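Chains as they are written, first to last, in our numbering: chain G, 1 to 417; chain H, 1001 to 1113; chain B, 2001 to 2991.
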Amino acid sequence: MRRYSVFAVAREAMRAHKGWEAQWASPEPRSAYDVIIVGAGGHGLGAAYYLAKEHGITNVAVIEKGWLGGGNTGRNTTIIRSNYLYEESMDIYEHSLKLWEGLSQDLNYNVMYSPRGVMMLSHNTHDMQSFKRHINANRLYGIDNEWLTPEQAKAFVPPLDIAKTARYPINGAALQRRGGTARHDAVAWGYARAASDRGVHIIQNCEVTGIRRGPNGDVLGVETSKGFIGAKKIGVSAAGHSSVVMEMAGVRVPLHSTPLQALVSEPLKPIFPCVVMSNTVHAYISQSDKGELVIGAGTDQYNSYSQTGGLQIITHTLDAICELFPMFRRVKMMRQWGGITDNTPDRSPIQGVTPVPGLFVNCGWGTGGFKATPGSANLFAHLIAKGEPHRLAAGLNLDRFRTGRLIDEAAAAAVAH
Amino acid sequence: MLLIHCPYCEEDRSELEFRWAGEAHIARPENISAISDEEFAEYFFLRNNEKGLTYERWRHIHGCGRFFNAARDTVSDRFLMTYKAGMPKQMLPETGASEETVETYEATEGDAR
Amino acid sequence: MSTSSNSGTFRIKGAGRLTPARTARFTFDGKSYTALEGDTVASALLAHGVHLLGRSFKYHRPRGILSAGPEEPNALIDVSRDAARRQPNVRATVQEVFDGAKIASQNRWPSLKFDVGAINNLFSPFFAAGFYYKTFMWPREAWVKIYEPFIRRAAGLGVAPTEEDPDHYANRYAHCDVLVAGAGVAGLTAALSAAATGQSVFLVDEQPEVGGALHYDTATTIDGQNGYDWAQATAARLKAMPNVTVLTRTTVFGYYNHGFLGLVERVTDHVAKPGKDLPRERLWQVRAKKVVLATGSIERHMVFANNDRPGIMLASAARTFLNHHGVAVGRQVGIYTAHDSAYETAFDLKRAGVSIAAIVDCRADPGEALLAEARGLGISVLSGHSVTDTGGRLRISSMTVARNGGGDARKIAVDALIVSAGWTPSVHLFSQSRGKLRFDDVNQRFLPNIYAQDCVSVGGCNGTDDLAELIDEAIAAGGGSFALSGENRFEWTGGMIGAAEGAGPDTTVKAFVDFQHDVTAKDIRLAVREGMHSIEHIKRFTTNGMASDQGKLSNMHGLAIAAEMLDRPIPQVGLTTFRAPYTPVTYGTLVGHSRGELFDPARKTPMHALEAGEGAEFEDVGNWKRAWYYPKRGEDMLAAVNRECRTVREVAGVFNGSTLGKIEVVGPDAAQFLNLIYTNAWGSLKPGKSRYGIMTREDGFVYDDGVVGRLAEDRFHVTTTTGGAPRVLHHMEDYLQTEFPHLRVWLTSTTEQWAVIAVQGPKAREIIQPFVEGVDISNEAFPHMSVAECSVMGVPARLFRVSFTGELGYEINVPADYGPAVWKAIWERAEPMGACLYGTETMHVLRAEKGYIIVGQDTDGTVTPYDAGLGWAVSSKKPDFVGIRGLKRPDLVREGRKQLVGLLTKDPALVLEEGGQIVADPNQAKPMTMLGHVTSAYWSENCGRSIALALVAGGRARIGETLYVPLKDRTIEVEVTDMVFFDKDGGRIHG
């Protein structure tokens, strides 16, 4: 792999960039691999990369129905943070955040991780109690997260309206300074390039249509639109389509897939320095390096694989955005789109072994999968390589739905009284 | 925004009047206190999440207030029928992955497989 | 000077449809200009010979006006009336001039003509597509500190408004049988056809007048009339019909599920002095049974070297400026085309007296008819030639022309260059409706194929080129049947996609595909070389099609260049999906009236105004406004709460409990139903008594709580938490309708029917006694947890003896409308007795002193009744209730679960922080093992010390242990206790 650097770019600039090679190979599939990963999003490509880099397993294929990075990796609002409440969550998201901090250098690909700060707005006593619970838990766990007064919040984000007369006045905010954003496509491409360089096969436009199992029930490989491909181990990391793929092996996972919408504004000169979220009024906003205001909207209420959603979800979100930032009322929405999120009953992910020997699953990241990409991929690789979960991901198992040991981030945050 | 036919009101109404209520035809076990942990997990957590034809419940919460069942294609979001709560599952041809289904990806994919 | 020369020296007398006498003044970058009414900013500036309007995104290249419509990628301007009414990124080709408009160019510093950012153009070899992925990585910190801030500053086009928008926006809903999008020939005809059948019709067009292509295509005749005149007459006819709504200046921006469309109507942006009552824009949300798409086509530019200089313009745009606005785009105009339509423009310009330098046609044989007409007009045609370069700095001054394949190169002086590569059917809305496209190989275009909704495409957007055929198609789409004749000479098919001669694979020239984002043909080739083989990858890598025009001009060219490079047919490379909105939509328009008070209307109790009059501070609880505390003069919150807490326990307090959720549960099987819904047993509860109930879901976690009073064998008055009422009712209805439909029970929400006045404290009985009739409220006759229907001040009431303070207490429910009168009377009696009004904060403190929990504060969704110390409320005798099985799951019965306990700080003066985490060893290394957290913490004036409740792992077994709460700046030592801090034997409640 030719290294990327300012010198390489300068050299290529002298010869019309004719010397760049393909970032990843597009090989025909072999008849069998040691490991097949289903789904070439950030999680799947990353898992392949870490299998090769950290576990020496390079006979790996990542099989993708569409094009790599084309699912939720390329559709999300790129928020990165680790200030979750429960230890199981803090473990994986903080592991991820630490990997984000060195990812560009590790992959030799600028993923533009931008720790510009993620601020969550508190609007009432209940929010304040909940945020301080998070802040205290995070601090004792070694994760940065701090409480700001409304004035401090305003100083950090000048467009914010902190008037006490607002419908939901702001009584403070929680700020994780290491939180921020990254360039979503670059994450997929960077992992694809680095994995491909280590010998991983990335097979795009190849749909998995079945999972073949042996007489003992263990996996033998996958049926695909390009024929059967053998595998000793299979890792499913197919986000909203995970239920469909797991069903092929007769494994049911507690997921429901719903459309999640997002939108961007026309490009504007820098006006919004960080990421701001408000659970109470349901708004998420940041400004991309290109200048677009990137806004996360809510999920539609029903199961769907349609990657579209209702206009009412968008208008509701913009109601909230304009309430928090009245100066944005004349800004224009340039593009709206949808992705399919895979949600678990406790809104925490599932990563672990399955009842089928050799079959591993990584799904249920809901609306928060992007931030987890490096951490999830790294621990998923460990799971596949060792056959058992890493300590940091042990709580994310499927069995928790039997025992009742849920990791209920939503319940811990959202119950109003 | 979906347009939903309430089988009680016998009218097409906007989605804003309705609340989605999860998969249909999941009966609460009669002897619930006696079932195993696995059976409980299956009853309470596991859902089909079909890509294609799905049976689901809706409630006309800002209308007549009634729960009812619907058959819908989760790829096209088209309703195939709605029917009253308590009625048995209405069998319909599987349409999920048929040719007619219009699936929208961000890009249309090449056909050179 | 005549009026016409006043409005611009490029205005051509006798040309166009604007009225020379009606003028408007506006400024552009501070310089004043005169326009004619009906001008766009683009046409008005062109009339004055101004072509330079902006700078591109990346290289800051000078840019002019490319189009005459919403597809404009270059001429983006800032439009303002005043400081607060400023709009960035407006397309000059769409914005109508109004008197007093202040127009400014964007993305330049210090001036449009001299822009420092243009230095980027010199370094452009370095800034190839995706270069930023390959560099700026070393040293690591520099990305955050240097590179990224630099990139961010350079990015963006317009400047966001910095003041709150004073304009308002309106919102309408509508239903119709047929919505027709686009009012050109096809749309007008379809609307006419549908309207004639009596269907309700919406005809929508984004331009100020109907007509579409007839704005520029003056050679079309319909029904024997000039096409444009026919269009206006037809619109007038349609407007007069009661079943038709014609909306102009209105864009169908989104086509959603089940025939739902979003429209934005621009109401005042073209008006000099809008009426104050008028909205700036109006959002229409229309549900149409059928949609007719008549959105026409968009002309493509030619992709060749330096094809972006100001003065280079689409043929249809130049023709619009001439035939509609009466403006010549130059005096010495060159044409570069791969399509017939540019000839029409050349002919019209020539006839209007503009000199045509040459028509350069890259096709070898444009056809004899065109050539003959050109000859007749004295225009020289260079067929089989290409424009290989252009000259000029801030405006085109020359084009370099060469024979295809090279040779015979010469430079020709021009002051404008008209280009056309052909037409792209506008399938955006069809695609948004989730229809599937097919590729028309012959004509190299995507056309509608499989429809996903009840929708039909007609005319240009359906690839129908012949006018007679188009009219028939439109009539059929409308459902009517009549004859309409039409003749034109316009050909929509043909042309080329991809890079033109001279911008081929081996050149290093800048041949722009996407103008706004400065994406060139070589960028697309680079993307392919780097392994980007899906069009979606190419789009994202190069940002082709991601600018504010969303690829209306660039998509097909980009696709063709990629396909050529990949050596694959176009359909195999794919087409990026068109997403809403068709053109950008103002947030304010989507928000409409949902702002301020109407953003999420606050729920207020009947006594709200009285509470405010008594000086209450309010807090938000869910969407309710609740009285929080009642500060007297000079009191801060703590002082007020301390006084209220003391007074309630010493005398009495009056509290507004109206926000509590209330559900009337009625029917012969009501008790049986409640047995299934609550963990408690209800059969033993006698009429006239009430009981505290706990509700779980099937998972066994506490869902809600509240007091339930039995008024009769078959009637219960159920209360819920303030925020929980709607979901509890939904939960109950779910079980009643679908799991237990055999039970004869009816549920009614009565939250807003009852006003609730709580009177708590030793003097509570004395205070309410004189008002109560119909029930003996003596301690003996009406003990704690009694309930009765009676009258209070002559008003029918439900009286509960109940306490959330641990004091003797009553809750009086009266019909909501009587609430204020009863509240006032009670307060007038209570106040002289030394009682106080108290709010939610005091309520919280008093209940915490007694260890009463608040669901949602002391519990979250992971706490069982046993964890909360409420195991006594879970009946062990019932065979079934919702939650019975979930509660027995392994993790819910394991040792060491978090349990609710009391905490007392070793230093009684210290109040813990709610949300503080609890540890056994504060000196352990991070990550620490946390045992739980503080759920409630207050200064208790009545206890003379701080108190707290907490969830602690194995909490009840730790009573007496010392634990620690490490806060940011100090660690607080605490002792684990039981949860009751005041009146431990509970005697006062029975007083």
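No residue lacks a Cβ here, since even glycine has one placed at the ideal position from N, Cα and C. No experiment lies behind these values; they were computed from the predicted model shown.
Counting C-beta neighbours from all protein chains within 10 Å, is the total for residue i 16 or more, i.e. buried, or is it exposed?
{"i": "B/Trp2746", "result": "exposed"}
{"i": "H/Gly1086", "result": "exposed"}
{"i": "B/Gln2769", "result": "exposed"}
{"i": "B/Phe2992", "result": "Outside the shown range of chain B (2001 to 2991) lies residue 2992 of chain B, about which nothing can therefore be said."}
{"i": "G/Met277", "result": "buried"}
{"i": "B/Lys2058", "result": "buried"}
{"i": "B/Pro2796", "result": "exposed"}
{"i": "B/Ser2032", "result": "exposed"}
{"i": "H/Asp1073", "result": "buried"}
{"i": "G/Asn397", "result": "buried"}
Is DSSP giving residue i helix, strand or coil here?
{"i": "B/Glu2037", "result": "coil"}
{"i": "G/Gly172", "result": "strand"}
{"i": "B/Glu2975", "result": "strand"}
{"i": "B/Gly2479", "result": "coil"}
{"i": "B/Ser2936", "result": "strand"}
{"i": "G/Tyr49", "result": "helix"}
{"i": "B/Thr2009", "result": "coil"}
{"i": "B/Pro2425", "result": "strand"}
{"i": "B/Ile2561", "result": "helix"}
{"i": "G/Asp218", "result": "coil"}
{"i": "B/Asn2656", "result": "strand"}
{"i": "G/Gln129", "result": "helix"}
{"i": "B/Gln2899", "result": "strand"}
{"i": "G/Lys371", "result": "helix"}
{"i": "B/Leu2014", "result": "Just to set this straight, residue 2014 of chain B is Gly in the shown sequence, not Leu. Three-state result, B/Gly2014: coil."}
{"i": "B/Asp2705", "result": "strand"}
{"i": "B/Phe2673", "result": "helix"}
Output the boundary residues of the beta strand (DSSP E) element that contains residue i.
{"i": "B/Thr2962", "result": "Thr2962 to Pro2966"}
{"i": "B/Pro2726", "result": "Segment Ala2725 to Asp2734 is the alpha helix (DSSP H) holding B/Pro2726; no beta strand (DSSP E) there."}
{"i": "H/Glu1023", "result": "Arg1019 to Glu1023"}
{"i": "B/Ile2535", "result": "That residue, B/Ile2535, is in no beta strand (DSSP E); its alpha helix (DSSP H) goes Ile2535 to Thr2542."}
What does residue i pair with, by DSSP beta-bridge criteria?
{"i": "B/Asn2226", "result": "B/Thr2221"}
{"i": "B/Phe2800", "result": "B/Val2787 and B/Glu2811"}
{"i": "G/Leu293", "result": "G/Gln287"}
{"i": "B/Val1968", "result": "In this structure chain B extends from 2001 to 2991, so residue 1968 of chain B is not present and cannot be described."}
{"i": "B/Tyr2169", "result": "Per DSSP, none; premise fails for B/Tyr2169."}
{"i": "B/Ile2151", "result": "Beta-bridge pairing links B/Ile2151 to no other residue."}
{"i": "B/Met2313", "result": "B/Ile2418"}
Just reading off the alpha helix (DSSP H) that residue i is part of, what are its end residues?
{"i": "G/His316", "result": "Leu311 to Leu324"}
{"i": "G/Asn303", "result": "Note, G/Asn303: premise wrong, no alpha helix (DSSP H); not H, not E."}
{"i": "G/Leu107", "result": "Glu87 to Leu107"}
Pop quiz: residue i and residue j are said to be a contact at Cβ under 8 Å. What is the actual Cβ separation, rounded to whole angstroms?
{"i": "B/Gln2760", "j": "B/Thr2805", "result": "4 Å"}
{"i": "G/Asp34", "j": "G/Lys226", "result": "G/Asp34 to G/Lys226, Cβ: 19 Å. No contact."}
{"i": "G/Gly199", "j": "G/Met248", "result": "G/Gly199 to G/Met248, Cβ: 27 Å. No contact."}
{"i": "G/Phe401", "j": "G/Pro254", "result": "6 Å"}
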